[in-house]
Each structure stands twice: as structure tokens, then as C-alpha cells.
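Since the structure comes first, as C-alpha cells, the remarks are kept for the end.
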Amino acid sequence: MKKISSSDKEAINHIWSLFAAAPSDQRILILKGILSTCCMPQLSFIFNATKPLLRIDFVAILPKEINLTIFSYLDAKTLCHAAQVSQTWKEIANDDLLWHQMCEQHIDKKCIKCGWGLPLLDKKRLKRQNTKNQPAFKKRAVHQQVKSIIKRPWKDVYSERMVVERNWRNNQHNLLRLQGHTDGVMCIQFCEISKLVITGSLDKTIRVWHLETGELIRTLIAHSGGIRSLQFDDAKLVTGSMDKTLRVWNHHTGQCIRTLEGHSGPVLDLHFDERMMASGSTDHTVRVWNFDIGECCTLLGHTDWVNSVRLCKEGKMLISSSDDTTIRLWDLSTRSCTKIFQGHVGQVQVALPSPDGFRHCLVNSSSESPNTSSTSSILQPLTNSSIIISSSLDNTIKCWDLQTGQCVRTLFGHIQGVWALDFDKLHIISGSHDKTIRVWDTASGQCLYALEGHHESVRTVRLSDTRIVSGSDDGEVIIWDFEYRNQMCSNVQ
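This is how it looks when you write it as C-alpha cells:
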């Protein structure tokens, strides 16, 4: 406009004012007339000039509820990209409701849409469980802790879990070796709340370690035989030994409180809940100790060593495995065996049931892992069912339908017997005589990778959302830590 004459300026301004004052239908007529007289370069100019003017930011004009519904169809990575479009988009994409929904879809489960899941912090799960049986003042303290967790933005929670999931997926971990036992480590339990690892060994000692530093806190000595099994909670530690006894300890002080006798052979495994405890022995029996009435009963049926026992269904049922190659399901109200699981051709070392209320959706997978020679033989898909997972010296791991007793999957990969087993919704962990630990996908049965670090047979493994702790005949305990606390979780990639 600066380069044209004043008379031309007046004429152009007059045309603009006439157009601005004209009603809508006349404006359209004026535009049609102008377009009909334009040449191709002028039409091209009009086309390019109108494109940005026709763009509408729907996020800026739509109600927040509709925007949240639209954004809820995006995955985490796309949500992060959307947050970079503008300040308005960022406010919607970072909305806590969206990320809470994202966490609900992925944490501690496999997402139906994308097929992968994020681990749940074990310490957060335990905090929720611990509130059930605590005095009111303790409940208030725990609720205050949980409240502080909930106040964190859900995007931060998702990002933190994403880092851990990526570490699991890529086999990225830190190693901490605990050395002190002079013979094979046969049993382990650890707790991320109290930050304790307790180990039992054939050297007849129980050792209490700090989970994060690996420092030896105390050594418990009283058994006259090797320690084959242990379990602890906030109040007590119970150990089972080759000396045929079980001992109850105060693991905070190291004092032995009580000795339980009854088995005529070494105690190979034990498991307790709030009301009762079960133990398995080389005497072929399972003993069930009732804490409430001080009574002990014996379950007869196995024809060889009873290697593992697990209470389930809120203490109403019990699962045991034996060197007789079978797994048995017992009804504790009638003290009778209700089902026998047969399929292994070697001694069954461990049989673990799904936790109460814990349902599995096993899916078909490719028959061979791209990273290993391990295969998953699927006889029949199992959907939304309680399962038992077992390991045997026949080199296999089997998944069983708890209701039907049918073996629905067999996992192959170890080249020697499988001594140890643990699992959750996302991973199965197995330890073998071949000196390796294998990490499997629970849903597909695919072997993700093998961990090597022990020099002898891996006799015990325990799993949390962020760690594997393993013990071996070499006397060493290894903590495989998949949670990098020094990593920033500000971005989801």
C-alpha cells in the first residue's frame, strides 16, 4: 500500500468498505465476480493465502470434556507429541485424568489395545495390603503415605514405570552380589518395604541383608542341618531345615522363639498366611499347622519327597508338588486331595498358584523366540483363568488350568532341570541346573532372554516388579535390579 498513489489507496479502501458493509449474499456475488476475473497466478495466491485462514484449532473451541474424549484414543507417545503443539494442547494432553486412564490400562496388566504392560511398584502394592490388618493409628500413617503417592501426577507415575518396563524389555539391570554363605543358597525372600533380603543355606545359617546396599545385618544360627525353606513377614521369620524341624524367629533381633517338630524327614518347603502354615518334607507328607487352635494335621498322598507347598484360595486350598512327578490340589476343610495334575516326567520342584483374585489371559505366541532357541508349546489357549505354573527336573515349565487340571502350555528352553520358579502378571522367572535364569513373558510363554552370572546350579529365585534375587549352589546371592533410580522420567518415549 505504501508504493501506490493516494487516489489508488482511496479507491481500494472504498472497495474494502463496500465489501465489509455488504450482506453475506452480496459478498459471495462480489467474490465470484473477482474470482472470475483472476488469472492463474492470482488464483494460486488466493489458494495459498486462504489455507492457513481455514485452519481451526478444535481444541481451543471444543469443551474440555469432548477434548479429553478425543485425546483418550491416543497412545502415550502421541500424547507427548500433542503436548508440543501449543499451550492449549499441552494442558489437555497433560491432564491427570488422561494419564490416570493410561496407567489403568497398562500398569500391572497387559493393555488390550497395544499388548504390553507396565510393572506395578511392589512397595505400593504391599502398602495397600498392609492396611487391611493394622491398628487404626498405623492405618492412618499408611494412608498418609499412599496419599502422597496419589498426589503425584499420573504422567510421572507412568513415566517412571515406563523406564522400568524398558529396562526389563532390553535386559538392562544393575548387579549386586551378596557373598558370605559357605555352601549352596537354597531359599530366599526379600521385601522392598523393609529393604531386607533373608537367605538360607546348606551351611546351616540364615543371613539377613540390606536389599539396596548388600550389607550383612545379622546371621541366625540354631539349626543343626542345612536351611531348605524360609518365609518372613513384619513380625516373624519361619525356617525349615534338613534337621527335620521348623523354627520361628524374631528376625529383628535374631532370637529363636519356637521350634516345631513333627516331620520324620528334612523339611523342604513351607508357606504360611495369617491363620495357618503348611510344610512339605522328604517323609512324603504335607503338614498343616493351624495357628488359631494350635493343631497340626497330616496330608497323605504323595509317594515321594514333597518339594513345594502353597496355601491358596484364602487358606481353603493347598497345592503341593513332589518327586513323584505329580502336583496335588488339597481341600483343607476335608483334608482330602481333590485333583492330581499329571504331565511332568521328572521330579516337580515348584508349583505356584495364581494369587487369590489374580486372573490370567494366556495368548497364542509364535513357536520360537527370535532371541533364543526356547519354544512354547501350546496345547490349548487359556483365557481369564486361575492357573498353576510348575517347574521340573524334566527341563520344562508347565502352565495348568486350576479348574480342569489340564496342562495348557509347556515352556522349553532350559537344557537341564529347573529347580526354581517365580512369576507375576508380566514375567515368569526360572532358575536351572544349567546355571542360568530365564525370563519369560507370562501371557505368551515366550522366553525373553537368559541371565548368566552364577557359577553353579541356580536353586532359588524370587521376583518383584523391579528385581530378581537368586541363589546358587556356588553360595552367592545376586540381586538383578531393573529400576534405575538415577534416571529422570520426565519424558515418555
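With the UniProt record's numbering applied, the sequence shown closes on residue 493, and no number is skipped along the way.
Ideal placement from N, C-alpha and C gives every residue a C-beta, glycine not left out.
Pop quiz: residue 189 and residue 230 are said to be a contact at Cβ under 8 angstroms. What is the actual Cβ separation, rounded to whole angstroms? Between residue 189 and residue 230 a beta carbon distance of about 6 angstroms is seen, short of the 8 angstroms cut, so the two are scored as contacting.
Residue 296 versus residue 253 - alpha carbon distance: Going by the C-alpha atoms only, they are around 28 angstroms apart.
Option in 218, 241 and 73 with minimal Cα separation from residue 204: Closest in C-alpha terms to residue 204, from the list 218, 241 and 73, comes 241.
Kindly indicate the opening and closing residues of the alpha helix (DSSP H) around residue 26. It spans 24 to 37 - the alpha helix (DSSP H) in which residue 26 sits, taken as one unbroken run.
Where does residue 379 sit, in a helix, a strand or coil, going by DSSP? Here the model assigns residue 379 a pLDDT of 41, short of 50, so the residue's position is not dependable and the matter cannot be decided.
Nearest-angstrom Cα separation, counted from residue 153 out to residue 421: Each residue's alpha carbon lies about 35 angstroms from the other.
Compare the C-alpha of residue 350 against each of 303, 268 and 22 and name the closest. Minimum Cα distance to residue 350 is reached at 268.
Since residue 209 sits in a beta bridge, which residues does DSSP pair it with? Answer by DSSP bridge pairing, in chain order: 197 and 216.
Start and end residues, alpha helix (DSSP H) containing residue 291: Neither: residue 291 is in no alpha helix (DSSP H) and is coded neither H nor E.
So residue 418 is in the beta strand (DSSP E); what residue range does that whole segment cover? Residues 418 to 423.
Rounded to the nearest angstrom, what separates residue 158 and residue 425 at their Cα positions? Spanning the two alpha carbons is a distance of roughly 17 angstroms.
Secondary structure at residue 17, three-state DSSP: helix, strand or coil? DSSP places residue 17 in the helix class (H, G or I) of the three-state scheme.
Beta carbon of residue 280, beta carbon of residue 308: below 8 angstroms? In this structure, the beta-carbon distance from residue 280 to residue 308 falls below 8 angstroms.
Distance, residue 455 Cα to residue 187 Cα: Their backbone Cα atoms lie some 17 angstroms apart in a straight line.
Could you spell out where the beta strand (DSSP E) holding residue 238 opens and where it closes? DSSP places residue 238 inside the beta strand (DSSP E), whose first and last residues are 237 to 241.
Can you give me the start and stop residues for the alpha helix (DSSP H) that residue 305 sits inside? Element bounds for residue 305: n/a, residue is neither H nor E.
Would you report the Cα separation of residue 371 and residue 432, rounded to the nearest angstrom? Because residue 371 sits at a pLDDT of 43, beneath the cut-off of 50, its placement in the model cannot be relied upon, and the point is left open.
Considering only C-alpha positions, which residue in the set 438, 185, 443 and 345 is nearest to residue 385? Looking only at 438, 185, 443 and 345, the smallest Cα-Cα distance to residue 385 is reached by 443.
Taking the straight line between their C-alpha atoms, what separation do you get for residue 411 and residue 198? If I take the Cα positions, the gap works out to 29 angstroms.
Using three-state DSSP, classify residue 369 as helix, strand or coil. Bear in mind that a pLDDT of 41 at residue 369, under 50, signals an unreliable position, so the number given afterwards is only what the model happens to contain. Residue 369: coil per DSSP, three-state reduction.
Span of the beta strand (DSSP E), counted from its first residue to its last, around residue 410: Annotation: the continuous beta strand (DSSP E) that includes residue 410 extends over 407 to 412.
In three-state DSSP terms, what is residue 127? Since pLDDT at residue 127 reaches only 45, below the 50 mark, its modelled position is unreliable, and no value is offered.
Give the secondary structure of residue 147 by DSSP, where H, G and I count as helix, E and B as strand, and everything else as coil. Low local confidence applies: a pLDDT of 48 at residue 147 is under 50, so the model's placement there is unreliable, with the coordinate-based value given in what follows. Three-state DSSP puts residue 147 in a helix.
Just curious, the alpha helix (DSSP H) that residue 157 is in, first and last residue? Residue range 154 to 170 is occupied by the alpha helix (DSSP H) that includes residue 157.
Using only CA atoms, which one of 21, 310 and 223 lies nearest to residue 248? Relative to residue 248, the option among 21, 310 and 223 whose CA is nearest is 223.
Name the one or two DSSP bridge partners that residue 470 has. Paired residue(s): 461 and 478.
Can you round the beta-carbon distance between residue 272 and residue 238 to whole angstroms, since I take them to be within the 8 angstroms contact cut? Right, their Cβ atoms sit about 6 angstroms apart.
Please state if the CB of residue 76 and the CB of residue 94 are separated by a distance shorter than 8 angstroms. Not closer than 8 angstroms, so no.
Quick one: Cα of residue 468 to Cα of residue 325, how far? Approximately 27 angstroms between the Cα atoms of the pair.
Under a three-way DSSP split, which group does residue 398 fall into? Strand.
What residue range does the beta strand (DSSP E) around residue 351 cover? 348 to 353 is the extent of the beta strand (DSSP E) around residue 351.
Anyone know if the C-beta pair for residue 218 and residue 181 falls short of 8 angstroms? No, the Cβ-Cβ distance between residue 218 and residue 181 is not below 8 angstroms.
Other residues of its chain near residue 22: CB distance less than 7 angstroms, five sequence neighbours each side excluded: Once the five neighbours on either side are set aside, the close Cβ partners of residue 22 are 30.
Please say whether residue 53 and residue 98 have beta carbons closer to each other than 8 angstroms? Residue 53 is positioned such that its CB atom lies no closer than 8 angstroms to that of residue 98.
Does residue 93 come out as helix, strand or coil in the three-state DSSP assignment? For residue 93, the three-state secondary structure derived from DSSP is helix.
Residue 59 (DSSP reduced to helix, strand or coil): Residue 59: helix per DSSP, three-state reduction.
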